[in-house]
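A.B. asks: Chains V and E, in that order, are what the protein sequence lines are. Heads up, the first sequence is in full-length UniProt numbering, so the first residue is 1 and it goes up one at a time. Heads up, the second sequence is in full-length UniProt numbering, so the first residue is 1 and it goes up one at a time. All residues carry an ideal CB built from backbone N, CA and C; glycine is no exception.
2 protein chains.
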Amino acid sequence: MLKDIREAFRHLFRSILVVFPMAVVTGSLVALFLFLLDKATLFRWQNKWIIYLLPLIGILITQIYQVIGKGSEAGNNLIIDEINEESTKGVPLRMTPLIILTTVLTHLFGGSAGREGTAVQIGGSLAAFSNKIFKFKLIEKRLLVMAGVAAGFSAVFGTPIAATVFALEILFVGRIRFDALLTCLFASIVSNSVCLLYGITHTHYSIASNPLISIHQIDLLFLLKVILAGIAFGIASQIFVTFSELLKNSTKKYIQKKWLIPVIGGGMVLFISFLLNTDDYLGLSVISEKANGISIVSAFKANGVDELSWFWKLILTAITLSMGFKGGEVTPLFFIGAALGNTLGMFLGCPVDLFAGLGFISVFAAATNTPLASMLLGVELFGGEFLPFFAISCIIAYYFSGSKGIYHSQKNEASKWPKI
Amino acid sequence: MLKDIREAFRHLFRSILVVFPMAVVTGSLVALFLFLLDKATLFRWQNKWIIYLLPLIGILITQIYQVIGKGSEAGNNLIIDEINEESTKGVPLRMTPLIILTTVLTHLFGGSAGREGTAVQIGGSLAAFSNKIFKFKLIEKRLLVMAGVAAGFSAVFGTPIAATVFALEILFVGRIRFDALLTCLFASIVSNSVCLLYGITHTHYSIASNPLISIHQIDLLFLLKVILAGIAFGIASQIFVTFSELLKNSTKKYIQKKWLIPVIGGGMVLFISFLLNTDDYLGLSVISEKANGISIVSAFKANGVDELSWFWKLILTAITLSMGFKGGEVTPLFFIGAALGNTLGMFLGCPVDLFAGLGFISVFAAATNTPLASMLLGVELFGGEFLPFFAISCIIAYYFSGSKGIYHSQKNEASKWPKI
Chain V
1 MLKDIREAFR HLFRSILVVF PMAVVTGSLV ALFLFLLDKA TLFRWQNKWI IYLLPLIGIL
61 ITQIYQVIGK GSEAGNNLII DEINEESTKG VPLRMTPLII LTTVLTHLFG GSAGREGTAV
121 QIGGSLAAFS NKIFKFKLIE KRLLVMAGVA AGFSAVFGTP IAATVFALEI LFVGRIRFDA
181 LLTCLFASIV SNSVCLLYGI THTHYSIASN PLISIHQIDL LFLLKVILAG IAFGIASQIF
241 VTFSELLKNS TKKYIQKKWL IPVIGGGMVL FISFLLNTDD YLGLSVISEK ANGISIVSAF
301 KANGVDELSW FWKLILTAIT LSMGFKGGEV TPLFFIGAAL GNTLGMFLGC PVDLFAGLGF
361 ISVFAAATNT PLASMLLGVE LFGGEFLPFF AISCIIAYYF SGSKGIYHSQ KNEASKWPKI
Chain E
1 MLKDIREAFR HLFRSILVVF PMAVVTGSLV ALFLFLLDKA TLFRWQNKWI IYLLPLIGIL
61 ITQIYQVIGK GSEAGNNLII DEINEESTKG VPLRMTPLII LTTVLTHLFG GSAGREGTAV
121 QIGGSLAAFS NKIFKFKLIE KRLLVMAGVA AGFSAVFGTP IAATVFALEI LFVGRIRFDA
181 LLTCLFASIV SNSVCLLYGI THTHYSIASN PLISIHQIDL LFLLKVILAG IAFGIASQIF
241 VTFSELLKNS TKKYIQKKWL IPVIGGGMVL FISFLLNTDD YLGLSVISEK ANGISIVSAF
301 KANGVDELSW FWKLILTAIT LSMGFKGGEV TPLFFIGAAL GNTLGMFLGC PVDLFAGLGF
361 ISVFAAATNT PLASMLLGVE LFGGEFLPFF AISCIIAYYF SGSKGIYHSQ KNEASKWPKI
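Right, here's the structure in full:
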């Protein structure tokens, strides 16, 4: 018994020692990144003409990665490979400045993208760098890179517990190991705290507590509607993944000149926005500059989005991220889910804010194959009283999202259910 | 893509079809069991003399299992073996009536025990029975037994989401697979709903939201206190596991006559209670009949327990369950944790209700090696706003609880952290 306790203390101190510096730097850089992102979005709102340069900026971004990328274009997948020890190339430190720069450029000029990929790459590449420099023998290298992923995710969304479980869940489809639980938890909490110290605030979403809806009063019809919504969220995720992949493969195959891909992509984004007569789907879309604009926040209100808002955001994001621009997928996935949830809530006669919340976490759960992290994300963002509905929706969406997710390096050894 | 969706629908319908009847029966029997348990506790309060029969009842319980037990005495471990396909004997259906009867007897005559073990055995043996009778080829047998575990846990505590993850986590130390996630979720929700339909209510615990304590205001000292408490909870769990094992092995070795073991055990429980001059530690101890009695509920109030309450409950429960009586370990673990949390909270100058809540879930997390289920349990019982503290305390306690837990059949393939 004493030996077990001594060893636990040793692991605890080693984890703190190794993780602390990486988490502090990650939290700081994510704070810088979020600051720049805010400024870029504000600048774009005030200078609408800037979006016409999107195709040109695409060339710049592609060139940057081709000339000095050193393989870091593979992004999150490179991080996952590093953790799973599938990669011999390693994660270059330059991934951090490059992804910050190119993501901010993407947002400044109106690409439809997210930010968590950037944060995860910041954390992951910093962790890989500390492994290389300090040659830590205190904990397994793999654990530190996982902690880097958790640190990045935690700081960018302000959700340390979801981030901890996320870092464990993205490695494999359908199973997790707990050996990095403690290191990821420390990294998440430290990085989030540091980011908050810089004065970064996170958007607040709220679901009104509806006393009529409780898992303790059994409303079968309501449960059925939640299940239906979960299925829809899973299928939406599949559409996103399939369309992104199709776009990536076909452009690679049919467009010979690499630099042309982002030009066409940027052009398509502009053209679709022009047809829809709105720039609400460009950039992060967490909030809108207009009082009645469409955004993630507006998706929590009745009639806050159009019926096809989820679809347009899906299309624009797939084009942006598959055709040379940079940024995360997760915030757009939040948008897609919240907007689809809003539409389903209106259609099914259910509380729109709750269904927006369910979509927000469930499309993410489905596309990243992280059902547990997603329900914890729901608790951290919207409160614990809806946990049963979060769980049902996330788990159903996870089962309905097919065998592929947005991270190609995520290992798919186990299937989602036993085949018999 | 369509093939994936079709297969997901098939798995969904199969799961519902196979799980539904088992979950309904489990929910009903757990409701009956909880009803009987209430009556037994009430009867004991009104007829104090009854506890003097405890040693004799121990003989009866031991005899029942020896004569008609058919191996079902192994209880939860037999269920885990059945799921992991380690057992060829199978789980007999008689496990259900036997465990209900012997647990109610244990509580009626004042043994210190819990109830989740009983509920898990009801669900598990019913599931194994449906496998045997209906020869389902719709889902893997293993999945249905896991769903039975989830159904039992869910109904007995009214916490369907924690129950879902619990059923996945107890099979292995340090890793989980998601293939049974959906079946367990359905079973949990159905069984809990059915149990509530019978009018069963669950004790309500509450932690006052203290606006001063938030993960978003970084109070390093407070975090450190939570970590310290987590370590203490982990060590308390190790003491319980080690002491129980020691007791079980030494009585088996030194007491030749089997029937003498429960007589001595019952006598020890009575003697210690007599010395302490209280029967507060007998039975479930969720609530006390006396206004100022010691119970789990009183542990959430300042000065609600004595400084060594956690220790006495630990000793009495270990004796009761290691020396021939029946019932679960989990409710006593909740008591041990809540009481220790109360004492630590008073000592460290922290909110007593929060620390009681942390102990409640963390000693359980540590002893069963289920850190994720435990933090979800915290959300379901106490609300989501304290999730970060729940996570820190449960994860630390899990790391500090050593390599053994209360379930010997839980496989220990992976260690809690990588050894380097």
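Might you give, ordered along the chain, the residues of its own chain that have their beta carbon closer than 8 Å to the beta carbon of ALA367 of chain V, omitting 5 neighbours on each side?
C.D. replies: SER237, PHE240, VAL241, GLU329, LEU333, SER401, GLY405 and ILE406, listed in sequence order.
A.B. asks: Which two residues bound the contiguous alpha helix (DSSP H) that contains ILE139 of chain V?
C.D. replies: Unbroken run through ILE139 of chain V: none, as it is neither H nor E.
A.B. asks: Taking 8 Å as the threshold (beta carbon to beta carbon), is GLU245 of chain E in contact with chain V?
C.D. replies: Not an interface residue.
A.B. asks: Can you give, in chain order, each stretch of the beta strand (DSSP E) that sits fully within the region 152-218 of chain V and has at least 3 residues?
C.D. replies: List check, beta strand (DSSP E) in window: 175-177.
A.B. asks: Cβ of THR331 of chain E within 8 Å of Cβ of VAL269 of chain E?
C.D. replies: It is not a contact, given that the beta carbons lie outside the stated cut-off.
A.B. asks: Would you say PRO160 of chain E lies against chain V (beta-carbon separation less than 8 Å)?
C.D. replies: Judged by the 8 Å Cβ criterion, PRO160 of chain E is in contact with chain V.
A.B. asks: State the CB to CB distance for the pair VAL297 of chain E and VAL286 of chain E, rounded to an integer number of angstroms; the pair is presumed to be in contact (CB under 8 Å).
C.D. replies: So it is a contact: roughly 7 Å between Cβ atoms.
A.B. asks: Give the residues from the region 395-415 of chain V that approach chain E closer than 7 Å (Cβ to any Cβ), ordered along the chain.
C.D. replies: Going along the region 395-415 of chain V in chain order, one finds ILE395, TYR399, PHE400, GLY402, SER403 and ALA414 with a Cβ nearer than 7 Å to chain E.
A.B. asks: According to the Cβ coordinates, are LEU182 of chain V and HIS408 of chain V closer than 8 Å?
C.D. replies: Not in contact: LEU182 of chain V and HIS408 of chain V (Cβ atoms no closer than 8 Å).
A.B. asks: Assuming MET22 of chain V is part of the alpha helix (DSSP H), what are its boundary residues?
C.D. replies: Element bounds for MET22 of chain V: 2-46.
A.B. asks: Would you call the CB atoms of THR62 of chain E and GLY283 of chain E closer than 8 Å?
C.D. replies: Cβ distance not < 8 Å, so THR62 of chain E and GLY283 of chain E don't count as in contact.
A.B. asks: Whose CA, out of V:GLY58, V:LEU246 and V:LEU340, lies closest to the CA of VAL226 of chain V?
C.D. replies: Considering only alpha carbons, the answer is V:LEU340.
A.B. asks: If we define contact as Cβ-Cβ less than 8 Å, is ILE176 of chain E a contact residue for chain V?
C.D. replies: Answer yes: the Cβ-Cβ gap between ILE176 of chain E and chain V drops below 8 Å somewhere.
A.B. asks: Would you mind stating whether VAL120 of chain V and ASN76 of chain V have Cβ atoms separated by less than 8 Å?
C.D. replies: Yes; because the gap between Cβ atoms is below 8 Å, this pair is in contact.
A.B. asks: In three-state DSSP terms, what is SER288 of chain E?
C.D. replies: Of the three classes helix, strand and coil, the one that applies to SER288 of chain E here is coil, per DSSP.
A.B. asks: Please report whether the beta-carbon of PRO418 of chain E lies at a distance below 8 Å from any beta-carbon of chain V.
C.D. replies: Interface residue, yes.
A.B. asks: If you draw a straight line from the alpha carbon of PHE355 of chain V to that of LEU344 of chain V, how long is it in whole angstroms?
C.D. replies: PHE355 of chain V and LEU344 of chain V: Cα-Cα distance of roughly 7 Å.
A.B. asks: At a CB-CB cut-off below 9 Å, which residues of chain V make contact with PRO371 of chain E?
C.D. replies: Ordered by position in chain V, the residues that pass the 9 Å Cβ test against PRO371 of chain E are PHE178 and LEU181.
A.B. asks: Secondary structure at SER112 of chain E, three-state DSSP: helix, strand or coil?
C.D. replies: Reduced to three states, the DSSP call for SER112 of chain E is strand.
A.B. asks: Can you tell me whether GLY383 of chain V is helix, strand or coil according to DSSP?
C.D. replies: Note: GLY383 of chain V maps to coil in three-state DSSP.
A.B. asks: Rounded to whole angstroms, how far is the Cβ of GLY327 of chain E from the Cβ of PHE364 of chain E, which I believe are closer than 8 Å?
C.D. replies: Not a contact, Cβ separation roughly 15 Å.
A.B. asks: Any beta carbon of chain E sitting closer than 8 Å to that of ASP353 of chain V?
C.D. replies: It does not: the Cβ of ASP353 of chain V has no partner Cβ on chain E nearer than 8 Å.
A.B. asks: Just the chain V side, please: which residues come within less than 9 Å of ALA383 of chain E by C-beta, in chain order?
C.D. replies: One detail in the question is off: residue 383 of chain E reads as Gly in this sequence, not Ala. In chain order: GLY383, GLY384 and GLU385.
A.B. asks: Chain E partners of HIS204 of chain V, CB-CB under 7 Å?
C.D. replies: Neighbours of HIS204 of chain V on chain E: none; closest Cβ ~11 Å, over 7 Å.
A.B. asks: Which class does GLY117 of chain E belong to by DSSP, given the choice of helix, strand or coil?
C.D. replies: It is helical.
A.B. asks: Count the other C-beta atoms from every protein chain shown that fall within 10 angstroms of the C-beta of SER295 of chain V, then say buried if there are 16 or more, exposed otherwise.
C.D. replies: SER295 of chain V is buried by the Cβ-count criterion.
A.B. asks: Below 8 Å on the Cβ atoms is my guess for ILE83 of chain V versus MET146 of chain V; work out the distance and round it to an integer in Å.
C.D. replies: Right, the Cβ-Cβ distance comes to about 6 Å (below 8 Å), so this counts as a contact.
A.B. asks: On the DSSP bridge assignment, give the partners of LYS419 of chain V in chain order.
C.D. replies: According to DSSP, LYS419 of chain V bridges with nothing at all.
A.B. asks: Our contact map puts LEU228 of chain V next to ILE392 of chain E with C-beta atoms below 8 Å; I'd like the distance itself, whole angstroms only.
C.D. replies: Not confirmed; about 37 Å, so no contact.
A.B. asks: Does LYS253 of chain E come out as helix, strand or coil in the three-state DSSP assignment?
C.D. replies: Note: LYS253 of chain E maps to helix in three-state DSSP.
A.B. asks: Could you name each continuous alpha helix (DSSP H) segment of 4 residues or more that falls completely within the region 288-346 of chain E, going from the start of the chain to the end?
C.D. replies: Entirely contained in the region 288-346 of chain E, the alpha helix (DSSP H) runs reaching 4 residues are, in chain order, 309-322.
A.B. asks: Whose C-beta lies closer than 6 Å to the C-beta of LEU34 of chain V among residues of the same chain, with five residues either side of it excluded?
C.D. replies: Cβ neighbours of LEU34 of chain V beyond the five flanking positions: ILE200.
A.B. asks: Which residues of the region 235-259 of chain V have a Cβ closer than 7 Å to any Cβ of chain E? Give them in chain order.
C.D. replies: Those would be ILE235, GLN238 and THR242, in chain order.
A.B. asks: Less than 8 Å separating the beta-carbons of PHE166 of chain E and THR370 of chain E?
C.D. replies: Yes, the Cβ-Cβ distance between PHE166 of chain E and THR370 of chain E is below 8 Å.
A.B. asks: I'd like the span of the alpha helix (DSSP H) that includes ASP353 of chain V, first residue to last.
C.D. replies: Note, ASP353 of chain V: alpha helix (DSSP H), 352-368.
A.B. asks: Around the Cβ of GLN66 of chain E, are there at least 16 other Cβ atoms within 10 angstroms (buried) or fewer (exposed)?
C.D. replies: Per the 10 Å Cβ criterion, exposed.
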